[in-house]
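Protein chains: 2
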Amino acid sequence: MDTINESESLAKYAKALSHPTRLAILKHLENQSCCYTADLVEIFPLAQSTISQHLKELKNAGLIQGELNPPKIKYCINLTHWQQAQVLFQQFFS
Amino acid sequence: MDTINESESLAKYAKALSHPTRLAILKHLENQSCCYTADLVEIFPLAQSTISQHLKELKNAGLIQGELNPPKIKYCINLTHWQQAQVLFQQFFS
DNA sequence: TTTACTCATCGTAAATTTACGATAGTTAAT
DNA sequence: ATTAACTATCGTAAATTTACGATGAGTAAA
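Residue numbers (my numbering), protein chains in the order written: chain L, 1 to 94; chain E, 1 to 94.
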């Protein structure tokens, strides 16, 4: 990956991490490994649609992935991109 | 620092890093150690006011600091907060 | 004091983000 | 086929972000 794309990817990941709710969702996914939207709606004082929106952004950034488990959707961390983000932040700060 | 403040700090740092221009500014400061606003205006195809705005956000996030060097202002990385951010991201991804 | 230089701030417009309630879609069970 | 459960999407309003040009503030030199 060239420098330009690295920078764009890093900005993309940083944006995904730039909201406390999304950080908390990721933190929760780290502990639980996976969870459903409804679990998060119970935890956070936010509407279901708002949680869904945050999940969508995390998914678009590549940090999580949704696995169909009808009628639920099980969200997990996307380890590949997660580790890529880890490396990019690490490189950036070193 | 407790978990709540850590999360807020991390979100704040992530937000500062969430724009490619700001990433590039920080990258440049890493290499040059310091620079002036005018230097950045020459490098980036953006108005001076826009650069100044990005610098203000980086300063508010604590990642850089401005040192008066009249009539210029020399911007440098704030090593204390920089390292704090580094640790927070590192902790988050581990 | 005037001029020149550097940078911040103001005012503003367009785009994006964040939140909500309401609605639609999907699948399993009845 | 209907219903129930779970989640995404739509529509929308308020807030924030990003960009610009214009203006203002501060200092050094003439």
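Using N, Cα and C, we set each Cβ at its ideal position, and we do this for glycine too. Nothing here was measured: the structure is a model prediction, and the numbers come from that model.
Looking only at C-alpha atoms, which of Ala14(L), Arg22(L), Ala24(L) sits nearest to Leu23(E)? Here residue 23(E) refers to the residue found at position 23 when the second sequence is read from its first residue. Checked all of Ala14(L), Arg22(L), Ala24(L); the closest Cα to Leu23(E) is Ala14(L).
Element boundaries [beta strand (DSSP E), containing Asn69(L)]: By one-based count along the first sequence, residue 69(L) stands at place 69. Element bounds for Asn69(L): 64–69.
Do the CB positions of Leu29(E) and Tyr75(E) come within less than 8 Å of each other? For the purposes of this step, residue 29(E) is identified with residue 29 of the second sequence, where counting begins at 1. For the purposes of this step, residue 75(E) is identified with residue 75 of the second sequence, where counting begins at 1. Cβ distance < 8 Å, so Leu29(E) and Tyr75(E) count as in contact.
Under 8 Å by Cβ, that's how I've got Leu55(L) and Leu26(L) pegged, so tell me the actual separation to the nearest angstrom. Here residue 55(L) corresponds to residue number 55 of the first sequence, with the count starting at 1. Here residue 26(L) corresponds to residue number 26 of the first sequence, with the count starting at 1. Actually they do not touch by this definition, with Cβ atoms about 11 Å apart.
For the candidate residues Ala16(L), Tyr36(L), Asn31(L), Leu10(L), whose alpha-carbon lies nearest to that of Pro71(L)? Position 71 of the first sequence, counted from the start, is the residue given in the question as residue 71(L). Just measuring C-alpha positions, the residue of Ala16(L), Tyr36(L), Asn31(L), Leu10(L) sitting nearest Pro71(L) is Tyr36(L).
May I ask you to list, following chain order, the residues of the stretch 23–51 of chain L that have a beta carbon less than 9 Å from some beta carbon of chain E? Cβ contacts with chain E: Leu23, Ala24, Leu26, Lys27, Glu30.
Assuming Asp39(L) is part of the alpha helix (DSSP H), what are its boundary residues? Taking the first sequence and counting its residues from 1, the one referred to as residue 39(L) is at position 39. It spans 37–43 - the alpha helix (DSSP H) in which Asp39(L) sits, taken as one unbroken run.
8 Å is my cut-off, CB to CB: does Gln91(L) come that close to chain E? Within the first sequence, the letter at position 91 stands for residue 91(L). Chain E contact via Cβ: absent.
Tell me whether Tyr75(E) counts as near the ligand NAP, meaning its Cβ is closer than 7 Å to at least one heavy atom of that ligand. The ligand NAP is absent from the structure shown, which contains no ligand whatsoever.
With DSSP as the reference, please indicate the residues paired to Tyr75(E) in a beta bridge. In the second sequence, the residue the question calls residue 75(E) occupies position 75. Note: Tyr75(E) sits in a beta bridge opposite Cys35(E), Gly66(E).
Can you list the residues of chain E that Leu10(L) reaches, using a CB-CB cut of under 8 Å? Locating residue 10(L) in the first sequence gives position 10, counting from the first residue. Leu17, Leu23, listed in chain order.
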